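J.: Dropping the structure in here first, questions after.
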Amino acid sequence: MEKDYESGRPGRPGRISHFQRVLHQGVLNEDIINHPYKGTGTESDPFLVIWIDDDPVNPMNYPLAMKWAITILVGMATLAVAFASSAYSGGVAEIMHEFHVPQIIATLGISLFVVGFAIGPLLWAPMSELFGRQYLFIGTYILLTVFNAGAAGSKNMETLIVLRFFAGSFGSSPLTNAGGVIADMFPASQRGLAMTVFASAPFLGPVIGPIVGGFVGQSIGWRWVEGVMAIFTGVLWLLFTLLVPETYAPVLLRKRAAALSKRTGQVYKSKADIDEGTQSIGSAFKTALTRPWILLFSEPIVLLLSVYMAVIYGTLYMLFGAFPIVFQRGRGWSQGIGGLAFIGVAVGMIIAVIYALWDNKRYNKVIDASPSGIAAPEARLPPCLVGSIALPIGLFWFAWTNSRSVHWSVSIIAGAPFGFGMVLVFLSIMNYLIDSYLIYAASVLAANSVLRSLFGASFPLFTPYMYHNLGIHWASSVPAFLALACVPFPFLFYKYGAAIRKRCKFAAEAAAFLEKLEETD
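Using the numbering used here, the first residue of the sequence shown is number 2, and each one after it goes up by one.
Laid out in structure tokens, this is it:
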């Protein structure tokens with residue numbers, strides 16, 4: 002019986018089990034060892050390690066069921082973090098009473114959690130590109146669980162908001178890396194469906210949060226709101242640790258090269274390491290740490306689309322302060338029932354997911370019609386064009402129908418076009434950015450996450466003052482005007498995106514690097 006050469010356990014030639022992939026990033030088998038790699042195995046001419054035919058470790062070759070199981074799990078991990086950011090709002094009134102603090106101080110528990118979304122990705126995204134997705138997720142998600150549990154036992158407001166900040170910082174890891182995991186496993190023709198699962202999570206989570214948090218906080222107290230978050234994230238951490246392998250190709254090939262070198266005594270290097278040259282970890286980390294900022298401010302694609310998503314994200318978090326003013330204070334609803342006002346937004350999101358699944362057929366037709374079998378990234382944007390129109394419609398609708406003289410259902414229904422447009426814009430832009438910057442996907446998503454998280458953290462803080470000074474109608478119109486101003490962005494990139502990408506350094510480099518990585522000859 003042949004053996005897996007990395008683990009030493011019995012196995013069939015060429016076969017590597019799923020759990021071997023989970024436990025050993027550099028796992029080897031007979032086919033991998035005996036493959037005729039280019040080179041002579043010396044320092045000056047190392048063996049060039051690439052994926053072999055039907056490589057069992059290549060995430061692109063995972064069984065479809067496994068790909069979708071991993072996608073659902075990372076989607077749930079992302080949803081849980083977004084859920085934790087807003088479920089806290091269900092206990093704000095009780096927190097204000099117990100710790101004798103004003104609303105703006107109690108609201109810091111939301112804002113600082115979201116500030117963590119801005120700070121965390123600056124570390125987690127580049128670290129994932131250096132060290133991979135798997136170990137990073139395991140380390141950060143367990144700390145998210147610990148800080149959630151600690152927040153449940155907080156004895157004062159200072160401790161609570163500090164723990165919430167650290168929970169958001171460590172919990173932000175899947176917000177940037179989950180998209181990278183999906184890009185690692187799915188070719189462009191299949192990625193649209195997978196990204197639908199992931200892209201809806203950062204928005205669906207915050208919408209579910211106030212509904213669950215409102216009823217939990219009202220019935221058994223705010224501490225159990227935090228406890229539910231800890232249980233939720235703890236279960237997901239355990240499942241991820243046991244079931245999800247490393248998926249980032251450069252890391253897997255680097256580990257394979259190291260394992261082959263150790264076993265044979267000859268020199269093996271991955272194509273990525275040969276192309277990038279010898280670089281210290283410190284130097285590589287410095288480069289990777291600064292990359293999100295460089296991408297944000299030097300690539301117009303990343304900057305403009307990140308601004309657009311930031312406005313939408315900030316508006317969503319603004320609603321956590323606006324809905325209690327409109328429905329609880331204005332209409333006299335209870336804390337638990339007030340959370341149900343988000344149902345309209347949730348329904349719009351669900352409709353958007355269905356629309357996105359239907360639109361994926363259009364995208365596949367574009368691929369089939371392409372001589373190269375590859376669709377341009379701009380083919381991802383048509384749903385964004387639709388969503389960009391729906392967003393301001395929903396926001397203006399809500400702004401001017403949320404008074405006592407208008408039935409409450411009209412205002413709630415207004416959330417549907419907002420939720421619909423939000424998911425379509427987010428989904429299309431995420432796919433567009435990943436297709437344009439595939440190997441830099443984590444850093445691009447980090448740059449995007451930093452900007453939108455800063456907006457998401459700041460909007461809830463000024464919402465009460467804005468509604469007090471401007472009134473319900475005009476205060477609600479402010480984000481509507483911002484969304485209206487951003488409508489031209491997706492149309493701009495849909496028409497001129499190809500020309501813009503050619504002039505963007507990182508977009509061009511990502512395309513060239515991917516072509517080299519996929520070479521098998």
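C-beta: ideal position from N, C-alpha, C; glycine also. All values reported here derive from a predicted model rather than from experimental measurement.
Under three-state DSSP, which class holds phenylalanine 48?
T.: In this structure, phenylalanine 48 counts as strand in the three-state DSSP scheme.
J.: Mapping the DSSP letters down to three states, classify serine 271 as helix, strand or coil.
T.: Of the three classes helix, strand and coil, the one that applies to serine 271 here is strand, per DSSP.
J.: Per DSSP, what kind of secondary structure is lysine 39 in: helix, strand or coil?
T.: Strand at lysine 39.
J.: Would you mind working out which of Ala195, Gly110 and Ala85 sits nearest alanine 94, comparing C-alpha positions?
T.: Of the candidates Ala195, Gly110 and Ala85, the one whose C-alpha sits nearest the C-alpha of alanine 94 is Gly110.
J.: Out of Phe167, Ala259 and Val50, which has the shortest C-alpha to C-alpha gap to phenylalanine 118?
T.: Per the Cα distances, Phe167.
J.: Just to confirm my understanding: we take cysteine 385, look at its own chain, exclude 5 residues before and 5 after, and list those with CB closer than 7 Å. What are they?
T.: Leu425, Val426, Ser429, Ile430 and Pro491, listed in sequence order.
J.: Please say whether leucine 452 and alanine 311 have beta carbons closer to each other than 7 Å?
T.: Contact: yes.
J.: Kindly indicate which residue of Trp475, Ala417 and Val226 has the alpha-carbon position closest to the one of glycine 395.
T.: Nearest of Trp475, Ala417 and Val226 to glycine 395, Cα basis: Ala417.
J.: Around the Cβ of proline 25, are there at least 16 other Cβ atoms within 10 angstroms (buried) or fewer (exposed)?
T.: The residue asked about is misnamed: residue 25 is histidine in this sequence, not proline. Buried: at least 16 other Cβ atoms inside 10 Å.
J.: Apart from the five residues just before and just after glycine 1, which ones in its own chain have a Cβ nearer than 6 Å to its Cβ?
T.: Only positions 2 to 522 of the chain appear in the structure, and residue 1 is not among them; the question remains open.
J.: Is the beta carbon of glycine 218 closer than 7 Å to that of asparagine 361?
T.: Taking 7 Å as the Cβ cut-off, asparagine 361 and glycine 218 do not qualify as a contacting pair.
J.: Mapping the DSSP letters down to three states, classify cysteine 505 as helix, strand or coil.
T.: Correct three-state label for cysteine 505: coil.
J.: Pick helix, strand or coil for alanine 512, following the three-state DSSP scheme.
T.: Residue state, collapsed to three classes: helix.
J.: Locate the alpha helix (DSSP H) running through serine 220, then write down its first and last residues.
T.: Looking at the DSSP string, the run of the alpha helix (DSSP H) that includes serine 220 is 189-221.
J.: Could you pull out every residue in the same chain whose Cβ sits closer than 7 Å to the Cβ of methionine 319, ignoring the five residues on either side in sequence?
T.: Closer than 7 Å at Cβ, skipping near neighbours: Phe460, Pro461, Thr464 and Pro480.
J.: Any idea what DSSP makes of glutamine 26, helix, strand or coil?
T.: Looking at glutamine 26 - three-state DSSP - the assignment turns out to be coil, as it is neither helix nor strand.
J.: My guess is that alanine 152 and leucine 164 are in contact by the Cβ rule of under 8 Å, so how many angstroms apart are they, rounded?
T.: Yes, alanine 152 and leucine 164 are in contact; Cβ-Cβ is about 4 Å, under 8 Å.
J.: Who are the near neighbours of tyrosine 321 in its chain, counting only those whose CB is closer than 7 Å to its CB and skipping five residues on each side?
T.: Correcting the residue identity first, residue 321 is phenylalanine in this sequence and not tyrosine. Excluding positions up to five away in sequence, the list reads Ser87, Ser90, Ile111, Pro211 and Pro461.
J.: Distance, Cα to Cα, threonine 291 vs tryptophan 334?
T.: So the two alpha carbons sit approximately 47 Å from each other.
J.: Which value, in whole angstroms, describes the spacing of the CA atoms of tyrosine 495 and alanine 380?
T.: Rounded to the nearest angstrom, the two C-alpha atoms are 8 Å apart.
J.: If you compare alpha carbons, which of Gln267, Leu137 and Pro372 is closest to serine 45?
T.: The shortest Cα separation from serine 45 among Gln267, Leu137 and Pro372 belongs to Gln267.
J.: Can you tell me whether glycine 283 is buried or exposed, with buried defined as 16 or more other CB within 10 angstroms of its CB?
T.: By the neighbour-count rule (16 or more Cβ atoms within 10 Å), glycine 283 is not buried but exposed.
J.: Mind reading off the beta-carbon distance from glycine 214 to glycine 339? Whole number of angstroms is fine, and I expect it under 8 Å.
T.: About 11 Å separates the two Cβ atoms, so there is no contact after all.
J.: In three-state DSSP terms, what is proline 57?
T.: Coil.
J.: Taking just the CA atoms, how far does proline 372 sit from alanine 250?
T.: Straight-line Cα distance between these residues: approximately 27 Å.
J.: Whose CA, out of Val303, Ile295, Leu305 and Ala200, lies closest to the CA of methionine 350?
T.: With distances taken between Cα atoms, methionine 350 lies closest to Ala200.
J.: Going along the chain, which residues of its own chain have a beta-carbon closer than 8 Å to the beta-carbon of threonine 242, five neighbours each way excluded?
T.: Result list for threonine 242: Ile139, in chain order.
J.: Run the CB neighbour count on aspartate 56, radius 10 Å, all protein chains shown included, and call it buried at 16 or more, exposed below.
T.: Looking at its Cβ environment, which holds 16 or more other Cβ atoms inside 10 Å, aspartate 56 is buried.
J.: Please state whether DSSP places glutamine 104 in a helix, a strand or coil.
T.: It is helical.
J.: Considering only residues of the same chain and omitting the five flanking positions on each side of isoleucine 105, which have a CB-CB separation below 8 Å?
T.: So the qualifying residues of the chain are Leu462 and Pro465.
J.: Do alanine 376 and isoleucine 440 count as a contact pair if the criterion is CB distance below 7 Å?
T.: Their beta carbons are not under 7 Å apart, which means isoleucine 440 does not touch alanine 376 by this criterion.
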